[in-house]
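Counting from 1, one number per residue, gives the positions in the sequence shown under the working numbering.
Reading through the structure tokens given below for one structure.
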Amino acid sequence: MACVPAPLGGPSVGIWGDEVFGLMILAVVSALVLWLSWRIFRGGRALRKRGVRTQAKCVNIAGGPNGNFKLTIEFTADGGQGVRTTVAPFDVPPVRPGGLLGVVYDPLEPVNVSTPDRVGNGRVALSFVVVSATALLLTAGLIALNVLALVLG
């Protein structure tokens, strides 16, 4: 949007409109990163707090074009429920089809599965949550100020 000089004393709508649009894009990206990192943090936290270790049987290995592998595994949860899910990514598959793999799963959501070495402490995901939430709040404040400036002239 081209910036048209405003009459003396009037607002320059072109500049404010572009700034608000850019801030809205930043807000959407911040919200998306916040949502994804929060899901990762919560999933890992569930595994750290109440995760159950078991052995899973690898039933399939699928390779991606970038060289990462995704393993389809099956195991029986504590309640006797059969679970079939995937764990990924692996640069080198840790087992072959038919082999056993140690996993940790959430008994309240058995498809939330990871290998024990990947559960981690959650600090990286929590850092993304904090940074993206801060960016979202600051961006929302700047959008509000810009809109207020547009309205008040």
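For every residue, glycine included, the Cβ atom is placed at its ideal position computed from N, Cα and C.
Only a predicted model underlies this, so the values are computations on that prediction, with no experimental measurement involved.
- Scanning its chain for C-beta atoms nearer than 7 Å, with the 5 sequence neighbours on each side dropped, one finds around G44 the residues V119, G120, G122, A125, in chain order.
- Apart from the 5 residues on each side of it in sequence, N112 sits with its Cβ closer than 8 Å to the Cβ of G43, A46, L47, Y105, D106 in its chain, given in chain order.
- When C-alpha distances from A62 are compared across P97, R84, D117, the shortest belongs to P97.
- Boundaries around T134 are those of the alpha helix (DSSP H), 123–152, since no beta strand (DSSP E) includes it.
- A135 sits away from S37, with the two beta carbons spaced by 8 Å or more.
- Shown here, G43 sits in a helix according to DSSP, grouped into three states.
- Within the DSSP bridge table, the entry for S114 names V104 as partners.
- With fewer than 16 other beta carbons inside 10 angstroms of its own, I25 counts as exposed.
- The secondary-structure analysis by DSSP pairs I73 across a beta bridge with C58, T85.
- For a cut-off of 8 Å, the C-beta gap from N68 to P89 is around 4 Å, short enough to register as a contact.
- Residue burial annotation: F21 is exposed, with fewer than 16 other C-beta atoms found within 10 angstroms of its C-beta.
- R96 carries a coil assignment under DSSP once its states are collapsed to helix, strand and coil.
- The beta-carbon distance between T86 and L71, rounded to whole angstroms, is 6 Å. This is short enough to meet the 8 Å contact definition.
- Ranking N60, R53, N66, V95 by CA distance to the CA of T76 puts R53 first.
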